[in-house]
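To keep things clear, I will list the structure first and then write my remarks on it.
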Amino acid sequence: MSLTDRKTHWITGVEPDGIAARLGLTAGDELLLVDGNPVQDVFAYRTAMASSEVVLTIRRDGRTLAVEIEKEEDEDIGLLFETDLMDDCRSCTNRCVFCFIDQLPRGMRPSLYFKDDDLRMSFLDGNYVTLTNLDDAEFERLVGYRLSPMNISVHALDPAVRSAMMNNRFAGNIMERLQRIAGSRISLNIQIVLVPGLNDGTVLEETIAGLATLGDRLSSISVVPVGLTRYRDENRLPALQPYGKEEAAAVIEASHGWQRRFLAERGTRLVFPSDEFYLRAGQQLPDADTYEDFPQLENGVGMVSLFRSELEEGLADRRTIPAWKTWIQNRAGRPSVSVHAVTGTDFGPLLDRYTEAIQATYGIRWSTHTVRNSFFGETVTVAGLLTGADIAAQMASGLQADPDGILVVPATMLRADGDVFLDDWTPEQLGNELGVKVAVCGADALGLLAWLDQVTEWRMPEDG
Numbered sequence: 034m035s036l037t038d039r040k041t042h043w044i045t046g047v048e049p050d051g052i053a054a055r056l057g058l059t060a061g062d063e064l065l066l067v068d069g070n071p072v073q074d075v076f077a078y079r080t081a082m083a084s085s086e087v088v089l090t091i092r093r094d095g096r097t098l099a100v101e102i103e104k105e106e107d108e109d110i111g112l113l114f115e116t117d118l119m120d121d122c123r124s125c126t127n128r129c130v131f132c133f134i135d136q137l138p139r140g141m142r143p144s145l146y147f148k149d150d151d152l153r154m155s156f157l158d159g160n161y162v163t164l165t166n167l168d169d170a171e172f173e174r175l176v177g178y179r180l181s182p183m184n185i186s187v188h189a190l191d192p193a194v195r196s197a198m199m200n201n202r203f204a205g206n207i208m209e210r211l212q213r214i215a216g217s218r219i220s221l222n223i224q225i226v227l228v229p230g231l232n233d234g235t236v237l238e239e240t241i242a243g244l245a246t247l248g249d250r251l252s253s254i255s256v257v258p259v260g261l262t263r264y265r266d267e268n269r270l271p272a273l274q275p276y277g278k279e280e281a282a283a284v285i286e287a288s289h290g291w292q293r294r295f296l297a298e299r300g301t302r303l304v305f306p307s308d309e310f311y312l313r314a315g316q317q318l319p320d321a322d323t324y325e326d327f328p329q330l331e332n333g334v335g336m337v338s339l340f341r342s343e344l345e346e347g348l349a350d351r352r353t354i355p356a357w358k359t360w361i362q363n364r365a366g367r368p369s370v371s372v373h374a375v376t377g378t379d380f381g382p383l384l385d386r387y388t389e390a391i392q393a394t395y396g397i398r399w400s401t402h403t404v405r406n407s408f409f410g411e412t413v414t415v416a417g418l419l420t421g422a423d424i425a426a427q428m429a430s431g432l433q434a435d436p437d438g439i440l441v442v443p444a445t446m447l448r449a450d451g452d453v454f455l456d457d458w459t460p461e462q463l464g465n466e467l468g469v470k471v472a473v474c475g476a477d478a479l480g481l482l483a484w485l486d487q488v489t490e491w492r493m494p495e496d497g
């Protein structure tokens, strides 16, 4: 195979103080080979570059150069490439009955319709993947790197049930691959999206029992309810039912039974229902300690309890610092900052409970505004799926009497770059529409506290 036929990688940047810069490599150079071998992706690159002596084959202005490098083992030389993956992200080959992307309306920005299902992104971004689009050779290559943990979407171990739910006849062999991963001493986090009548009840019991046979490499199992938008009929998708109060309570009861068993047998609860199940059942969420080391926070498991714990602790810590008393007294003579916090229907009641504590700690006026999701439908209740248009429509009357207030939204409502909501509204556009300043804070309690510190000019002492 000639060099022109092999996969190559454009260098887009070079860290100024790195080895590559000292050797004269620059943006615009093209990496062809490492030690004479093509580089498939970032994992192949990192493995090849772990050696203390490497030779890079570089193309520059049509000329091929050999760059010899001596360095410490595992030392990065400071090259930046077009993407972190150094390859195209693999797309999903399933047609899951519960797929949220299939439930999007037409006309949104194209990137929102891309369904990634790339095991490599499990390591880079914590994504959950199904393992259905990997041939045996690629699966073995990635297992061979021994990178841990792997985050896998299982949904059901019964081959017929899993294949039917994912509309993929190749989806049924998941247990064989899970055993291969666990046998390679790689830890596993498992996600189960529950759909009423499809994979709950007896199927769920059998799935958890089967997963338990994977041994101590099984780190956690999350149980998450299916998310449904109002576009299912319009998009000609099969009818599914959301979890009601009684059905959600049954899932919690079953999960708690497994928790008690695993805690006694393994010293870990292992199975964790998502926060949404507790909210739908109208039950109090467990204390933060119940979630151990929060292995599946990104799946909405323990997020509310952690927020509650960190917010209470953070507010209390500030009030116990000696300098705080003087600071809050001095604020009494200054104009009060007015903050309007926007969140979804799941989180609104919780955040509203802390109004008095936030006001007392920071000397500000605070109000929580719960916004219903008209865009996707009111069965979608998380803050991260709210749109700029919904916020504008429902907040317009509430801000007329407070043009000097600050509207604060969590970063989860915006694209990763922090520039647009799901409907392509920008924070600036929202602010212009409502006639107020719009600010963005971190989505967790620490992010909110840091933003409040900044807006009120409170400085935590270095030893506090």
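Going by my numbering, the sequence shown opens with residue 34, and the numbers climb by one from there.
Just so you know, even glycine gets a beta-carbon here, dropped at the ideal spot from N, CA and C.
{"Item": "Mind checking which residues open and close the beta strand (DSSP E) that includes E101?", "Value": "96-103"}
{"Item": "Could you tell me which whole beta strand (DSSP E) segments of length 3 or greater appear in the region 111-189?", "Value": "112-114, 183-186"}
{"Item": "Could you compute how far the alpha carbon of D486 sits from the alpha carbon of R492?", "Value": "7 Å"}
{"Item": "Do the CB positions of D423 and E309 come within less than 8 Å of each other?", "Value": "no"}
{"Item": "Taking C-alpha atoms, which residue in I219, L190, R218 lies nearest to L236?", "Value": "Looking at the sequence provided, one finds Val at residue 236 rather than Leu. When each option's Cα is compared against that of V236, the closest is L190."}
{"Item": "For G46, does the three-state DSSP call read helix, strand or coil?", "Value": "strand"}
{"Item": "So, T45 versus E108, is the Cβ gap smaller than 8 Å?", "Value": "no"}
{"Item": "Following the continuous beta strand (DSSP E) through I225, name the residue where it begins and the one where it ends.", "Value": "221-227"}
{"Item": "Can you give me the C-alpha to C-alpha distance between L440 and E389, rounded to a whole angstrom?", "Value": "18 Å"}
{"Item": "Could you name the residues of the same chain whose beta carbon sits closer than 7 Å to that of T301, not counting the 5 residues immediately before and after it, in chain order?", "Value": "F295, E325"}
{"Item": "Given A483, which residues of its chain have a CB within under 7 Å of its CB, disregarding the five upstream and five downstream residues?", "Value": "G475"}
{"Item": "Just how far apart, CA to CA, sit E280 and A449?", "Value": "34 Å"}
{"Item": "Since S369 is in the beta strand (DSSP E), which residue starts that stretch and which ends it?", "Value": "Where S369 is concerned, there is no enclosing beta strand (DSSP E), given that its DSSP letter is neither H nor E."}
{"Item": "Count the other CB atoms, across all protein chains shown, that sit within 10 Å of the CB of D266; report buried if there are 16 or more and exposed otherwise.", "Value": "exposed"}
{"Item": "Run through DSSP, which three-state label would F23 get?", "Value": "As displayed, the chain neither begins before 34 nor continues past 497, which places residue 23 out of reach and without an answer."}
{"Item": "Work out the CA separation of N160 and R398 for me, nearest whole Å.", "Value": "38 Å"}
{"Item": "For the alpha helix (DSSP H) holding L384, just list the boundary residues, first then last.", "Value": "381-385"}
{"Item": "Helix, strand or coil for E22, going by three-state DSSP, please let me know.", "Value": "Given that the chain is displayed from residue 34 to residue 497, the structure contains no residue 22 and the question cannot be resolved."}
{"Item": "Mind checking G260: buried by the 16 CB within 10 Å criterion, or exposed?", "Value": "buried"}
{"Item": "Would F409 be called buried (16 or more neighbouring beta carbons within 10 Å of its own) or exposed?", "Value": "buried"}
{"Item": "Check whether the Cβ atoms of V284 and D233 sit closer than 8 Å, and answer yes or no.", "Value": "yes"}
{"Item": "Within 10 angstroms of its Cβ, does P258 collect 16 or more other Cβ (buried), or is it exposed?", "Value": "buried"}
{"Item": "Taking the alpha helix (DSSP H) that A278 belongs to, which residues open and close that run?", "Value": "Sequence check: residue 278 is Lys here, not Ala. Element bounds for K278: 278-299."}
{"Item": "Might you give, ordered along the chain, the residues of its own chain that have their beta carbon closer than 8 Å to the beta carbon of L447, omitting 5 neighbours on each side?", "Value": "V453, F454, P460, V473"}
{"Item": "Check this for me: beta carbons of D151 and C129, under 8 Å apart or not?", "Value": "no"}
{"Item": "With a cut-off of 8 Å, do at least 3 Cβ pairs link the region 204-222 to the region 243-250?", "Value": "yes"}
{"Item": "Does R398 come out as helix, strand or coil in the three-state DSSP assignment?", "Value": "strand"}
{"Item": "Which residues does DSSP pair with V257 in a beta bridge?", "Value": "V226"}
{"Item": "Measure from the alpha carbon of F131 to the alpha carbon of each residue in S186, K104, M154, L98, then state which is nearest.", "Value": "S186"}
{"Item": "By how many angstroms is the C-alpha of V375 removed from the C-alpha of Q400?", "Value": "Reading off the sequence, residue 400 comes out as Ser, not Gln. In a straight line, the C-alpha of S400 is about 9 Å away from that of V375."}
{"Item": "Since I219 contacts V162 with CB under 8 Å, what's their CB separation in whole angstroms?", "Value": "Not confirmed; about 14 Å, so no contact."}
{"Item": "Excluding the 5 residues flanking N268 on each side, which residues of the same chain have their C-beta closer than 7 Å to its C-beta?", "Value": "D135, Q136"}
{"Item": "Looking at the unbroken beta strand (DSSP E) that takes in K470, where does it start and where does it end?", "Value": "470-474"}
{"Item": "Just reading off the alpha helix (DSSP H) that E345 is part of, what are its end residues?", "Value": "336-353"}
{"Item": "Quick check: the region 86-104 against the region 50-63, are at least 3 beta-carbon pairs closer than 8 Å?", "Value": "yes"}
{"Item": "Note down the Cα distance separating P143 from A416, rounded to an integer number of angstroms.", "Value": "22 Å"}
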